[in-house]
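Student: What follows is a single structure, and I will ask about it in a moment.
Below is the structure:
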């Protein structure tokens with residue numbers, strides 16, 4: 002399954018939906034993660050908050066290919082996109098293991114294929130390096146085989162790289 | 661000198677970030693202001709505090725290899741506010757993660773550095789701490805040890821008239837030394853960063869962890885989650901299952 006998370010305006014929804022099996026509009030209309038671990042310990046892979054991200058773990062967990070379209074913010078995802086990712090830690094289990102010679106959580110949904118990040122907005126070379134590093138770390142942490150980061154100079158380039 | 665310590669944990673109680681910030685405050689002099697950043701309602705109040713600050717210390721957990729979203733929202737506003745008010749104080753960071761390797765905080769540290777560049781603030785550096793949750797538990801264990809010592813002292817005084825039960829004190833000393841040992845790496849780097857904060861100098865990025873072997877850490881972490889999941893009921897609700905999305909009827 003191909004999943005796209007994006008923080009662009011609603012007119013882009015149609016283009017995104019045509020390119021994937023499931024689209025998540027990161028519109029900021031949801032609460033930030035409260036760090037309660039309830040999606041591990043109380044109601045597995047489900048958030049205690051009953052908003053549109055309540056079962057986001059169960060969607061992202063099924064993604065073979067996850068495409069994230071985000072505006073750059075200090076080499077980080079935009080707050081709206083990061084909010085979606087923060088709420089998705091239930092894609093893993095609370096148990097720990099070693100991956101890439103470091104401690105990580107075991108994967109509830111097994112291995113995935115591609116963690117792809119498409120970044121738009123003004124960005125420095127240093128922030129680009131951080132984004133590449135971050136995507137590698139995210140892929141390792143979430144059990145994706147590979148990561149890819151693309152930087153757009155203009156949003157007209159987006160459709161071709163989705 | 662005024663230093664603002666911002667606890668960015670979304671948790672109201674018992675958060676590791678509050679623990680590490682409390683330790684950091686020991687090593688910083690001058691006026692110390694404690695702030696908590698949980699919701700947008702906190703933004704204006706914190707930004708007001710920053711107007712006459714010389715240093716700011718962020719204490720925050722690592723979320724998905726990065727900065728929690730509610731902190732990013734604040735940083736966007738803080739960048740605009742600092743530029744508008746021509747502020748150029750130093751920024752330090754104490755990041756902690758649940759995994760044992762403190763180095764896993766590196767992407768977060770890099771983003772803080774980029775934030776300082778864009779906001780024209782002085783990046784002072786930070787400490788990345790592995791095993792933050794378990795280190796936070798050590799402070800609870802220390803309080804339990806003190807309580808046990810008090811109980812033993814009272815019982816000894818009542819039964820034998822001895823106000824200094826030697827065995828209880830030895831046991832307390834052993835436990836306290838062990839807990840101190842677990843925290844030594846953190847204390848070492850926070851003391852050094854405290855010196856940099858006092859001088860307003862660059863500290864750099866340092867990484868440390870709870871001082872126990874990782875395979876023992878993982879064992880304890882797994883036991884911790886089994887116990888919590890047992891009490892919260894998740895253990896009986898398909899704890900490790902591949903849960904399917906349930907659509908509204």
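Protein chains in written order, with this note's numbering: chain A, 2 to 163; chain B, 661 to 909. The beta-carbon is built from N, C-alpha and C at its ideal position, and this holds for glycine as well.
#1: In this structure, how does DSSP classify residue 87 of chain A when only helix, strand and coil are distinguished?
#2: Under the assumption that residue 679 of chain B contacts residue 757 of chain B (Cβ atoms under 8 Å), give the Cβ distance between them as a whole number of angstroms.
#3: The alpha helix (DSSP H) spanning residue 131 of chain A covers which residue range?
#4: What does the alpha-carbon distance come out to for the pair residue 95 of chain A and residue 44 of chain A?
#5: Using the Cα positions of residue 867 of chain B and residue 753 of chain B, report the straight-line distance between them to the nearest angstrom.
#6: What does the Cβ neighbour count give for residue 891 of chain B, buried or exposed, with the cut at 16 atoms within 10 Å?
#7: Per DSSP, which one or two residues make a beta bridge with residue 757 of chain B?
#8: Going by DSSP in three states, residue 166 of chain A sits in which element: helix, strand or coil?
#9: Out of curiosity, what's the CA-to-CA distance linking residue 900 of chain B and residue 140 of chain A?
#10: Is any non-hydrogen atom of the ligand SAH found closer than 7 Å to the C-beta of residue 898 of chain B, if you look at the structure I gave you?
#11: Taking any Cβ of chain B, which residues in the region 91-104 of chain A have a Cβ under 9 Å from it, in chain order?
#12: Grab me the residues of residue 60 of chain A's own chain with a C-beta within less than 8 Å of its C-beta, minus the 5 sequence neighbours each way, in chain order.
#13: Quick one: any contact between the region 104-118 of chain A and the region 62-72 of chain A, if contact means 3 or more CB pairs under 8 Å?
#14: If I follow the unbroken alpha helix (DSSP H) through residue 678 of chain B, where does it start and stop?
#15: If you draw a straight line from the alpha carbon of residue 878 of chain B to that of residue 759 of chain B, how long is it in whole angstroms?
#16: Taking only beta carbons into account, state which residues of the region 873-905 of chain B come closer than 7 Å to chain A, listed in chain order.
#17: Measure the alpha-carbon distance for residue 833 of chain B versus residue 77 of chain A and round it to whole angstroms.
#18: Rounded to whole angstroms, what's the CA-CA distance from residue 809 of chain B to residue 663 of chain B? Just pull it up for me.
#19: Counting only Cβ-Cβ distances shorter than 8 Å, please list the residues of the region 727-739 of chain B near chain A, keeping chain order.
#20: Tell me whether the region 714-730 of chain B and the region 760-768 of chain B touch, counting them as touching only if at least three CB pairs, one residue from each stretch, are closer than 8 Å.
#21: Strictly under 8 Å for the Cβ-Cβ distance: is residue 771 of chain B near chain A by that measure?
#22: I'd like to know if residue 744 of chain B contacts chain A, where contact means its C-beta is closer than 8 Å to some C-beta of that chain.
#23: Measure how close the beta-carbons of residue 750 of chain B and residue 714 of chain B come, nearest whole angstrom, since I'm counting them as under 8 Å.
#24: Residue 46 of chain A versus chain B: which residues are under 7 Å apart at the beta carbon?
#25: So the candidates are B:895, B:788, B:906; which of them puts its Cα closest to the Cα of residue 865 of chain B?
#26: Mind checking which residues open and close the beta strand (DSSP E) that includes residue 24 of chain A?
#27: For residue 40 of chain A, I'd like the list of residues in its chain whose CB is within less than 7 Å of its CB, leaving aside the five on either flank, ordered along the chain.
#28: Tell me which same chain residues have a C-beta within less than 7 Å of the C-beta of residue 860 of chain B, skipping the five on either side of it?
#29: Which partner residues does residue 97 of chain A have in the DSSP bridge list?
#30: Return the bridge partner residues of residue 148 of chain A from the DSSP annotation.
#31: Between which residues of its own chain and residue 818 of chain B is the CB-CB distance below 8 Å, once the five residues before and five after are set aside?
#32: Are the C-beta atoms of residue 116 of chain A and some chain B residue less than 8 Å apart?
#33: What does residue 67 of chain A reach in chain B if we use C-beta pairs closer than 7 Å?
Tutor: Reading off the structure:
#1: helix
#2: About 14 Å separates the two Cβ atoms, so there is no contact after all.
#3: 126-143
#4: 12 Å
#5: 12 Å
#6: exposed
#7: B:790
#8: The displayed coordinates of chain A run from 2 to 163. Any statement about residue 166 of chain A would go beyond what the structure contains.
#9: 20 Å
#10: This structure lacks the ligand SAH, and indeed carries no ligand of any kind.
#11: 91, 94, 95, 96, 97, 98, 99, 103, 104
#12: 4, 23, 25
#13: yes
#14: 676-686
#15: 9 Å
#16: 874, 878, 881, 882, 885, 888, 889, 892, 893, 894, 897, 898, 899, 900, 901, 902, 903, 904, 905
#17: 45 Å
#18: 36 Å
#19: 727, 728, 729, 730, 732, 733, 735, 736
#20: yes
#21: yes
#22: no
#23: 7 Å
#24: 903
#25: B:788
#26: 23-26
#27: 46, 47, 48, 58, 90, 91
#28: 714, 715, 750
#29: A:106
#30: A:116
#31: none
#32: no
#33: Simply none; closest approach about 12 Å.
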